[in-house]
Amino acid sequence: MNDAAPAPTPAPVPRRARVRAPELIGKGGWLNTGGKDLTLADLRGKCVVVDFWTFCCINCLHVLDELRELEEKHRDTVVIVGVHSPKFVHEAEHAAVVDAVERYEVHHPVLDDPELATWKQYAVRAWPTLVVIDPEGYVVAQHAGEGHAHAIAKLVEELEAEHEAKGTLRRGDGPYVAPEPVASDLRFPGKALLLPSGNFLVSDSTRHQLVELAADGESVVRRIGSGERGFGRDSFSEPQGLALLPDGRVVVADTVNHALRVLDLESGAVETVAGTGRQWWQGSPTSGPALEVDLSSPWDVAWWQGKVWIAMAGVHQLWTWDPEAGTVEVAAGTTNEGLHDGPAAEAWFAQPSGLAAAGDRLWIADSETSALRYVHPTDTGYAVTSAVGTGLFDFGHRDGDAAQALLQHPLGVTALPDGSVAVCDTYNHALRRYDPATGQVSTLATDLREPSDAVLVGEDIVVVESARHRLTRLRLPEEAVRVDAVAHRTQRAATEVAPGTLRLDVVFRAPSGQKLDTRYGPSTRLLVSSTPPELLTGGEGAGTDLFRELELNPAVTEGVLHVSAMAASCDDDPANEYPACHVHQQDWGVPVRVTADGAARLPLVLAGMDDGQD
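Written as structure tokens, this is what we have:
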């Protein structure tokens, strides 16, 4: 007989309150629906993945690619809805969103939300953010950044099984209606190259081809590539940058294949020379044999200092490829997103997207900081200097002294014969000029449509008008065009925080069926800094905990917190000796304003749902 007292009944675990998904509202209306306005009621019975994106953001473009497999595999149960939430003024133009949806082959409904109405309703803080809504209309998960496709796919399978059993799953076609195709020789071309023959080679990015045009810039001589997205010998995936090698071949930044390819102009043969076809993630090698190292969205290439320099937009760095040694390595940048000058290894970039070699300078169009920058040799290596631009959130169209001049998301830069440079000021639809001798910025031409690159041809400059699907020849003017100055800051609202100690919590819950991968030490990483640096008097720097006590400087009332978080998880299956592992990562630039009644806690959701607890 057992006289021990009975064990106490454990207290029930409280269930999280179910949160009804807010309605999807956007002043710009719906795309890819055949003209129909959608509501959440129309989507009831489906697993809905809401993708908050903006087309300037390379991480958002990565997520579009991550979601393609899920979209195809579960097309009768899953509806992906893109909510376009702009950062730049140009991205709030409806026509620009229409272009971006075609340019990036978005094959699901998209809500154009120029005033960030739905962004605010869902309390989103970062591009990209994914929110999963179950077939009954409740929010069940939120993920910021990249690397979540596997977790969302597993969650979708669980939701399918649960709601099939409940009778609340509705199978069948979704609301996507494909737009009518448009015929043209080029479709959203990216970059151009003047060939020794006098012809032009153009990356026809949306059609996944290279196109050789005659010297008139219009007549098609030949097309290179199948036109289908792929990684074979005869295919590309959204190619961008082009550069002529000393041996006469052309190196191609095959952007969405995360690779460099080389084209033999005589035979038309294409070979891969760098990259594996896989996207680089934190912790992967950053140097080594070129065909064994992953790359991340190479956007432009240039021959400089005996190597091919690569604008690695996907990780905010510059890399190099050495054709003689057959190796790649990081040349500048830390992977942190922002504008910070100094020694190359310590510099910060933000989606470098255009390169131009000119003597001892390599000019860079650093798109997300709306900046013109350059790399130059020093006694100890290389350094990075900014000529125009101040940071992630300031942009506009303002000429004059470079210290106060403004650009808006430039994608291309071209060295001019007099030592100055022309900048394809993409979101201002303009061609700008910076003169290092005078430190002045001027406007060379306006009324271009998303210019993304330009090449010199004698006394003319030929501009890639990406959103007009053509090359446009301009005579270099002797005098600059005058425009009314305008300055902008991103319309994203600042987060109000209380003075003193601010608790930062990066929310991460390992997805269902996964656990934190601690086999090789801590599986999480957190890096915090601020602009201006004086905003923080404590809490900056790197660590392995996903929480931090930040000390705010009482003398600084506003600024930007830069937060970079990473978590690695692996499949939790004891029977599998080699479980698949997954990296989840996101960088946040959070504008903050210090006010007496502001919040004392700043939660940033990497994956999961924030329950307000530590």
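Under my numbering, the first residue of the sequence shown carries the number 255, and numbering increases by one thereafter. No residue lacks a Cβ here, since even glycine has one placed at the ideal position from N, Cα and C.
What residue range does the beta strand (DSSP E) around residue i cover?
i, result
"D615", "It is Arg, not Asp, that sits at residue 615 in the sequence shown. Run containing R615: 615-620, per the beta strand (DSSP E) assignment."
"H651", "648-651"
"E719", "714-719"
"W381", "Element bounds for W381: n/a, residue is neither H nor E."
"L609", "606-612"
"S640", "635-642"
"T668", "666-669"
"W284", "283-285"
In the DSSP output, which residue or residues are listed as bridge partners for residue i?
i, result
"C301", "V332"
"D581", "Note on residue identity: the sequence assigns Thr, not Asp, to residue 581. Partner(s): P543, D576."
"P363", "Paired residue(s): none; P363 is not in a bridge."
"D689", "Q694"
"T749", "V846"
"D825", "Q768"
"K561", "W558"
"T623", "In the DSSP output, where bridge partners are listed per residue, T623 has none listed."
"R722", "R722 is not bridged to any residue."
"A708", "V717"
"E400", "Q839"
"V393", "V273, I387"
"S818", "L781, D841"
"V675", "A669, Y688"
"T632", "G635"
"A446", "V456"
"Q571", "M566"
"H594", "W602"
By Cβ distance, which residues of its chain are closer than 6 angstroms to residue i, with the 5 residues on each side in sequence left out?
i, result
"L278", "L365, T372"
"S339", "F306, T308, D367, L370, W373"
"V267", "Note that V267 has pLDDT 37, beneath the 50 cutoff, so the model's placement of it is unreliable and no number is given."
"S473", "none"
"S538", "D548"
"R483", "H462, S491"
"H742", "V343, F649, G650"
"T849", "E750"
"T196", "Since the first residue of the chain shown is 255 and the last is 868, residue 196 is not available in this structure."
"V355", "L285, V364"
"V524", "R487, R515, L517"
"D439", "V474"
"W617", "A610, Y628, V667, V675"
"M820", "Q536, R779, Q839"
"A265", "Caution is warranted here: a pLDDT of 41 is assigned to A265, below 50, making its placement in the model unreliable, and the coordinate value is therefore given only provisionally. Contacts found: none."
"H404", "H836"
Taking only heavy atoms of the ligand PLP into account, decide whether any of them is closer than 7 angstroms to the Cβ of residue i.
i, result
"S706", "Absent from the structure shown: the ligand PLP. Ligands present: none."
Can you name, in chain order, every residue of its own chain whose Cβ lies under 7 angstroms from the Cβ of residue i, other than the five neighbours on each side?
i, result
"R357", "F442, T460"
"G479", "H462, Q463, L464, D488, S489, F490"
"Y430", "N286, H361, H362, P363"
"Q494", "G444, K445, S457, S459, A507, T509, W553, D554"
"P857", "D759, V761, D864"
"E764", "Contrary to the premise, residue 764 reads as Ala rather than Glu in this sequence. So the qualifying residues of the chain are L770, S823."
Going by DSSP, what residue range makes up the alpha helix (DSSP H) through residue i?
i, result
"R357", "348-357"
"C311", "Taken as a continuous stretch (DSSP letters only), C311 belongs to no alpha helix (DSSP H), as it is neither H nor E."
"K374", "371-375"
"L860", "Counting along the chain, L860 falls outside any alpha helix (DSSP H), though it belongs to the beta strand (DSSP E) covering 855-862."
"H417", "403-420"
Tell me which same chain residues have a C-beta within less than 8 angstroms of the C-beta of residue i, skipping the five on either side of it?
i, result
"W284", "K290, D291, L292, P363, V364, L365, D366"
"S541", "V547, T581, V582, E583, V584"
"E412", "S766"
"P262", "Reliability of the predicted coordinates at P262 is poor, the pLDDT of 43 falling under 50, and no value is obtained from them."
- Task: Give, in chain order, every unbroken run of the beta strand (DSSP E) that is at least 3 residues long and sits entirely within the region 755-813.
- Result: Segments of the beta strand (DSSP E) lying fully in the region 755-813: 755-762, 768-770, 778-785, 790-792, 795-797, 801-806.
- Message: Could you check whether the region 423-435 touches the region 444-456, counting it as contact only if at least three pairs of C-beta atoms, one from each stretch, sit closer than 8 angstroms?
- Response: Too few Cβ pairs lie closer than 8 angstroms, so no.
- Count the CB pairs spanning the region 798-817 and the region 752-763 that are closer than 8 angstroms, and state whether there are at least three. Contact between the region 798-817 and the region 752-763 is established, with three or more Cβ pairs separated by less than 8 angstroms.
- Message: Quick check: the region 320-335 against the region 408-428, are at least 3 beta-carbon pairs closer than 8 angstroms?
- Response: Flag = yes, the region 408-428 and the region 320-335 touch.
- Query: Just checking, does the region 507-516 make contact with the region 528-546 on the three C-beta pairs under 8 angstroms criterion?
  - Reply: Below 8 angstroms, enough C-beta pairs join the region 507-516 and the region 528-546 to call them touching: three or more.
- Task: For the region 449-536, list the beta strand (DSSP E) runs that are entirely contained and at least 3 residues long, ordered along the chain.
- Result: Here the runs fully enclosed are 454-458, 463-467, 474-478, 493-498, 504-508, 513-517, 524-528.
- Take every Cβ of the region 709-720, pair it with every Cβ of the region 670-681, and state whether three or more of those distances are shorter than 8 angstroms. Of all C-beta pairs linking the region 709-720 to the region 670-681, three or more are shorter than 8 angstroms, placing the two stretches in contact.
- Query: Taking contact to mean at least 3 C-beta pairs separated by less than 8 angstroms, is the region 588-596 in contact with the region 630-647?
  - Reply: Remark: three or more beta-carbon pairs, one from each stretch, lie closer than 8 angstroms, so the region 588-596 and the region 630-647 are flagged as touching.
- Evaluate contact between the region 781-791 and the region 722-731, counting only Cβ atoms and requiring at least three cross-stretch pairs below 8 angstroms. Segments in contact, no.
- Query: At a cut of 8 angstroms, does the region 576-591 reach the region 654-661 through at least three beta carbon pairs?
  - Reply: At 8 angstroms Cβ cutoff, the stretches do not touch.
- Mind the definition here: the region 293-300 touches the region 388-399 only if three or more C-beta pairs lie below 8 angstroms; say whether that holds. Enough Cβ pairs lie closer than 8 angstroms, so yes.
- Given 8 angstroms, three or more beta-carbon pairs between the region 496-503 and the region 785-802: The answer is no - the region 785-802 does not touch the region 496-503, with fewer than three Cβ pairs under 8 angstroms.
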